[in-house]
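Step one of this worksheet: look at the structure below.
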Amino acid sequence: MQGIVICGLCLTQARDCWWQKIPVRSRTIYEWVETLLQYGDPIPADTVSANVLVRILRAAVAEGASFPALLAAISVDEARLRNPFSRYPSQLALRTFATLERQFSDPAITLRIGEKASPQNFSDRGYASRMSVNLGAAIDANVRIQIVQQNIFQIIFEATAKPPTLRWVVHPDKAHVHAPFIEFSAATYARLARQILGEPLLLRRVDFQHAARFEPTRYEQAFGCPVHFSMPETRMELTARQLFRPSPHANPELLNAASGRYRQPAKWLAQGQQNSVCGYLYLSNEINKSPPTLDRMASSFGMTERSLRRKLVEEGHPFRELLDTVRQDLCALYLLEDKRSLGQIALLLGYSDLSAFTRAYKRWHGIAPSKA
């Protein structure tokens with residue numbers, strides 16, 4: 004199936020097959036996807052986003068790997084990787100898992116990485132979904148956005164099935180080839196569920212279409228349930244009473260605010276201001292990871308700094324104004340979240356210290372953030 008891309012962001016043209024079926028509670032989370040579907044350009048399928056690749060590498064570093072060594076081993080340019088909408092072929096994603104298995108001398112690293120590859124803040128795509136009304140809504144939201152993250156295999160969530168089921172759809176001829184990626188994906192959903200529930204996940208069973216790649220008991224330890232291999236399909240059976248129990252993390256106001264901040268960039272896209280949209284989303288993703296500079300962003304987009312500066316000015320969103328907009332939007336979310344210190348928020352917004360953040364906040368609102 005042909006994809007849709009904006010700044011390398013791959014989606015599907017078949018939006019009527021799924022968009023209208025999203026429950027209202029989840030549709031508001033990713034309403035900006037509809038705009039991308041409508042105004043994007045096609046790219047080849049069978050790719051994974053840089054966003055997913057970064058999460059994998061970041062989790063590997065948390066396990067003790069060297070980030071520069073990993074980049075060298077898989078032959079990925081760091082500048083391009085900083086663009087959250089860069090796309091990579093499935094072969095590179097699988098090469099990444101193979102590299103990790105060699106470096107850790109452990110094929111089960113896929114499950115460990117899946118356990119650690121968790122969004123940490125509003126710069127990470129998918130973080131807001133944990134504020135959904137219950138685990139079922141959070142899973143639904145993540146499944147819906149998986150088409151943005153990768154189109155190598157499909158994930159289907161059957162919330163009303165008995166028992167509720169997650170299914171990974173992959174061609175039988177590719178089941179073993181894609182096994183590391185699928186294991187990683189299954190582990191991320193198990194991890195998401197444990198985070199939402201705040202208690203052990205009561206999975207009924209996990210079936211894998213591929214054969215066991217290491218000792219089966221290690222799979223059972225990771226998922227906490229019976230795990231079967233060489234089955235007709237890959238599936239995870241959940242427990243309904245956990246799926247629909249009200250989540251302790253539910254925050255409708257914050258969820259709506261996190262979704263609503265994409266409305267303005269969506270309007271820019273509809274007006275043909277693609278560089279401004281790419282810039283806004285790039286800065287949102289990168290602002291807490293490295294100094295937010297125009298030359299770094301241009302390098303990530305494969306453009307010269309001069310060219311990108313000119314395009315942003317022509318679209319009415321010079322770099323400094325765009326950066327200010329991103330910071331204000333994210334700042335509002337962190338203050339509404341009310342779980343982080345002002346010093347932590349300053350770092351997440353790309354400020355070197357609290358005083359720099361305080362000066363900016365006074366410029367925006369006329370008062371110090373401590374009095375907001």
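According to my numbering, the residues represented by the sequence shown are 4 to 375, in order.
Glycine included, C-beta positions come from ideal geometry on N, C-alpha and C.
As the structure is a prediction and not an experimental result, all values here were calculated from the model.
Of all the options 244, 328, 254 and 235, which has the alpha carbon lying nearest to the alpha carbon of residue 285?
-> Within the sequence shown, residue 285 is the residue found at index 282, counting from 1. Comparing Cα-Cα distances from residue 285 to each of 244, 328, 254 and 235, the minimum goes to 328.
Between residue 288 and residue 318, which are expected to be in contact by the criterion C-beta below 8 angstroms, what is the C-beta distance as a whole number of angstroms?
-> Position 285 of the sequence shown, counted from the first residue, corresponds to residue 288. Position 315 of the sequence shown, counted from the first residue, corresponds to residue 318. Not confirmed; about 19 angstroms, so no contact.
How many whole angstroms separate the CB atoms of residue 344 and residue 253, which I take to be in contact at a CB cut-off of 8 angstroms?
-> Residue numbering aside, residue 344 sits at position 341 when the sequence shown is read from its first letter. Residue numbering aside, residue 253 sits at position 250 when the sequence shown is read from its first letter. Actually they are not in contact, since the Cβ atoms of residue 344 and residue 253 sit about 23 angstroms apart, beyond 8 angstroms.
Let me know if residue 339 comes out buried or exposed under the rule of 16 or more other beta-carbons within 10 Å of its beta-carbon.
-> The sequence position of residue 339 within the sequence shown is 336, counting from 1. Classification for residue 339: exposed.
Where does residue 265 sit, in a helix, a strand or coil, going by DSSP?
-> Translated into the one-based positions of the sequence shown, residue 265 becomes position 262. Coil, per DSSP.
Does the distance from the C-beta atom of residue 52 to that of residue 153 stay below 8 angstroms?
-> Stepping through the sequence shown from its first residue, residue 52 is reached at position 49. Stepping through the sequence shown from its first residue, residue 153 is reached at position 150. Yes. Within cutoff.
Touch test, the region 91 to 110 against the region 65 to 74, Cβ-Cβ under 8 angstroms, three pairs minimum = yes
Other residues of its chain near residue 199: CB distance less than 7 angstroms, five sequence neighbours each side excluded = Indexing the sequence shown from 1 puts residue 199 at position 196. Contacts found: 133, 138, 141, 250 and 252.
Which word fits residue 293, buried or exposed, when buried means at least 16 other C-beta atoms lie within 10 angstroms of its C-beta?
-> As a first step, residue 293 must be located in the sequence shown, where it is residue number 290. When all chains shown are included, residue 293 counts as exposed.
Separation of residue 224 from residue 72, as counted between CA atoms = As a working note, residue 72 is residue 69 in the sequence shown. As a working note, residue 224 is residue 221 in the sequence shown. When rounded, the distance between both Cα atoms is 30 angstroms.
From residue 5 to residue 50, what distance separates their C-alpha atoms?
-> Within the sequence shown, residue 5 is the residue found at index 2, counting from 1. Within the sequence shown, residue 50 is the residue found at index 47, counting from 1. For residue 5, the predicted structure reports a pLDDT of 32, less than 50, and the residue's modelled location is therefore unreliable. The matter cannot be settled from this model.
In three-state DSSP terms, what is residue 304?
-> Looking up residue 304 in the sequence shown gives position 301. Looking at residue 304 - three-state DSSP - the assignment turns out to be helix.
May I ask you to verify whether the region 111 to 127 touches the region 306 to 326, counting CB pairs closer than 8 angstroms and requiring at least 3?
-> no
Does DSSP classify residue 66 as helix, strand or coil?
-> Locating residue 66 in the sequence shown gives position 63, counting from the first residue. Residue 66 falls in the coil class under three-state DSSP.
Report the three-state DSSP secondary structure of residue 369 (helix, strand or coil).
-> Along the sequence shown, read from residue 1 onward, the residue named residue 369 stands at position 366. Residue 369: coil per DSSP, three-state reduction.
Supposed close pair residue 239, residue 195 - CB separation, criterion 8 angstroms = By one-based count along the sequence shown, residue 239 stands at place 236. By one-based count along the sequence shown, residue 195 stands at place 192. Not confirmed; about 12 angstroms, so no contact.
Going by C-alpha distance, which of 297, 374, 320 and 236 is nearest residue 275?
-> Residue 275 sits at position 272 when you count from the first residue of the sequence shown. Nearest option by C-alpha distance: 320.
Note down, one range per segment and in chain order, each beta strand (DSSP E) of at least 3 residues found wholly within the region 187 to 233.
-> 208 to 210
Could you tell me if residue 27 is buried or exposed, where buried requires 16 or more neighbouring beta carbons within 10 angstroms of its beta carbon?
-> Locating residue 27 in the sequence shown gives position 24, counting from the first residue. With a pLDDT of only 43 at residue 27, under the threshold of 50, the placement of this residue in the model should not be trusted; the figure read from the coordinates follows. Residue 27 should be labelled exposed.
What does a CB cutoff of less than 8 angstroms around residue 76 pick up in its chain, not counting 5 residues either side in sequence?
-> Taking the first residue of the sequence shown as 1, we reach residue 76 at position 73. Contacts found: 102 and 106.
Which residue's Cα is closest to the Cα of residue 341: 322, 375, 169 and 129?
-> The residue given as residue 341 occupies position 338 in the sequence shown. If we check each option's Cα against that of residue 341, 375 comes out closest.
Unbroken alpha helix (DSSP H) runs of length 4 or more, entirely within the region 56 to 121: which are they?
-> 70 to 77, 81 to 84, 93 to 107 and 112 to 119
What number of angstroms, rounded off, separates the C-alpha of residue 270 from the C-alpha of residue 114?
-> Sequence index remark: in the sequence shown, residue 270 carries index 267 (1-based). Sequence index remark: in the sequence shown, residue 114 carries index 111 (1-based). Rounded to whole angstroms, residue 270 to residue 114 spans 39 angstroms at the Cα level.
Between the CA atoms of residue 353 and residue 363 - distance to the nearest angstrom | Residue 363 sits at position 360 when you count from the first residue of the sequence shown. Residue 353 sits at position 350 when you count from the first residue of the sequence shown. Computed Cα separation, rounded: 12 angstroms.
Spell out the partners DSSP gives residue 168 in its beta bridges.
-> Taking the sequence shown and counting its residues from 1, one reaches residue 168 at position 165. Beta-bridge pairing links residue 168 to 161 and 240.
Run of the beta strand (DSSP E) containing residue 50, from where it starts to where it stops | Here residue 50 is taken as the residue at index 47 of the sequence shown, counted from 1. Its beta strand (DSSP E) spans residues 50 to 52.
Counting along the chain, where does the alpha helix (DSSP H) carrying residue 322 start and finish?
-> For the purposes of this step, residue 322 is identified with residue 319 of the sequence shown, where counting begins at 1. Here the alpha helix (DSSP H) through residue 322 covers 322 to 340.
Just mark residue 369 as buried or exposed, buried being the case when its beta carbon has 16 or more other beta carbons within 10 Å.
-> On the sequence shown, position 366 is the one that residue 369 refers to. It is exposed - the Cβ of residue 369 has fewer than 16 other Cβ atoms within 10 Å.
Determine the extent of the alpha helix (DSSP H) in which residue 138 is found, giving its start and end residues.
-> Locating residue 138 in the sequence shown gives position 135, where the first residue counts as 1. From DSSP, the alpha helix (DSSP H) with residue 138 extends over 138 to 152.
Counting only the same chain and skipping the five closest in sequence on each side, list residues whose C-beta sits under 6 angstroms from that of residue 356.
-> Taking the first residue of the sequence shown as 1, we reach residue 356 at position 353. There are no such residues.
Residue 249 in three-state terms, based on DSSP | As a position in the sequence shown, residue 249 is number 246, starting the count at 1. The answer is strand: DSSP assigns residue 249 an E or B state.
Quick one: what's got a C-beta closer than 8 angstroms to residue 197's C-beta in the same chain, skipping five residues either side?
-> The residue you call residue 197 lines up with position 194 of the sequence shown. Same-chain partners within the cutoff: 203 and 204.
For residue 128, three-class secondary structure by DSSP = As a first step, residue 128 is located in the sequence shown; it is residue number 125 there, counting from the start. If DSSP states are grouped into helix, strand and coil, residue 128 belongs with coil.
Limits of the unbroken alpha helix (DSSP H) element including residue 348 = As a working mapping, residue 348 is identified with position 345 in the sequence shown. Element bounds for residue 348: 345 to 351.
Cβ-based burial, residue 349 [other Cβ within 10 Å; buried from 16] = Along the sequence shown, one-based indexing puts residue 349 at 346. It counts as buried.
Label residue 314 either buried or exposed according to how many other C-beta atoms from any shown protein chain fall within 10 Å of its C-beta, with 16 as the threshold for buried.
-> For the purposes of this step, residue 314 is identified with residue 311 of the sequence shown, where counting begins at 1. Buried, because 16 or more other Cβ atoms sit within 10 Å of the Cβ of residue 314.
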